[in-house]
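Trainee: In my numbering, the protein residues as written are 25 to 176. Beta carbons are placed, not taken as given, at the ideal position from N, Cα and C, and that holds for glycine. Keep in mind that this is a model prediction, so the values were computed, not measured. Sharing a structure here in structure tokens format.
Shown next as structure tokens:
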């Protein structure tokens, strides 16, 4: 029989292993140190995300004996196109999806919808912890670009 201490130690070791794997994805795979064939799916997806957001440019300085310089920049903007060959949802197809709105400049006249969630009961929307407390929740919206019910 396994003691409670052994069980707890196993949990701590598992949590440590998960943390180490996460750090490997974030640190070592950035530079391609781990070959793709030995990477876990999460690590490969991390690489794919970085590849979509990394731009490499070759540059030649204006000098007599110039070497080619490789410039690498990462685009960490809020907008990343991760959906490829997707299709637009039909109106009303996902009525449980929620938009979470936050006042712009502290006024209730205009809202910015920065987070989403899912309606899980009559009174609760499940969302990410970093979203905080929204002022308004909109359900049943099809497109953020529509104004007053107008279609795209």
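(1) Using DSSP with H/G/I as helix, E/B as strand and the rest coil, what is residue 163?
(2) Within the continuous alpha helix (DSSP H) that includes residue 63, where are the two ends?
(3) Please report the distance separating the alpha-carbon of residue 149 from that of residue 95.
(4) Residue 136 lies in the beta strand (DSSP E); which residues open and close that run?
(5) In or out: residue 123 buried (at least 16 other Cβ within 10 Å) or exposed?
(6) Would you mind sorting residue 116 into buried or exposed? The rule is 16 or more other CB atoms within 10 Å of its CB.
(7) Bridge partners for residue 123 per DSSP, in chain order?
(8) Going by alpha carbons, who is nearest to residue 168 out of 139, 154, 143, 153?
(9) Give me, in chain order, the residues of the same chain whose beta-carbon lies closer than 8 Å to that of residue 111; leave out the 5 immediate sequence neighbours on both sides.
(10) Using the rule of at least 16 other Cβ atoms within 10 Å of the residue's Cβ for burial, across every protein chain shown, is residue 72 buried or exposed?
(11) Just grab the DSSP bridge partners of residue 150 for me.
(12) Rounding to the nearest angstrom, what Cα-Cα distance links residue 5 and residue 82 in this structure?
(13) Over what stretch of residues does the beta strand (DSSP E) that includes residue 97 continue unbroken?
(14) When DSSP labels each residue in this structure, what does residue 86 get in the three-state scheme?
(15) Residues in the same chain with beta-carbon distance under 7 Å from residue 126, minus the five sequence neighbours each way, listed in chain order, please.
Mentor: This is what the structure holds:
(1) Along the chain shown, read from residue 1 onward, the residue named residue 163 stands at position 139. It is a strand residue.
(2) Along the chain shown, read from residue 1 onward, the residue named residue 63 stands at position 39. Unbroken run through residue 63: none, as it is neither H nor E.
(3) As a first step, residue 149 must be located in the chain shown, where it is residue number 125. As a first step, residue 95 must be located in the chain shown, where it is residue number 71. Their Cα atoms are separated by approximately 44 Å.
(4) Walking along the chain shown from the start, residue 136 turns up at place 112. Residue 136 -> beta strand (DSSP E) spans 131–143.
(5) Here residue 123 is taken as the residue at index 99 of the chain shown, counted from 1. It counts as buried.
(6) Locating residue 116 in the chain shown gives position 92, counting from the first residue. Burial call: exposed.
(7) Against the chain shown, residue 123 aligns to sequence position 99. DSSP lists 140, 162 as partners of residue 123.
(8) For the purposes of this step, residue 168 is taken as residue 144 along the chain shown, with counting starting at 1. Cα-wise, what sits closest to residue 168 is 139.
(9) The residue given as residue 111 occupies position 87 in the chain shown. Once the five neighbours on either side are set aside, residue 111 has no close Cβ partner at all.
(10) Looking up residue 72 in the chain shown gives position 48. So residue 72 ends up on the exposed side.
(11) Your numbering for residue 150 matches position 126 in the chain shown. Answer is 142.
(12) The question about residue 5 has no answer here: the residues shown for the chain are numbered 25 through 176.
(13) Sequence index remark: in the chain shown, residue 97 carries index 73 (1-based). Its beta strand (DSSP E) spans residues 93–98.
(14) Your numbering for residue 86 matches position 62 in the chain shown. Coil, per DSSP.
(15) Position 102 of the chain shown, counted from the first residue, corresponds to residue 126. Excluding residues within five positions, the ones whose Cβ falls inside 7 Å are 135, 136, 138, 158, 159.
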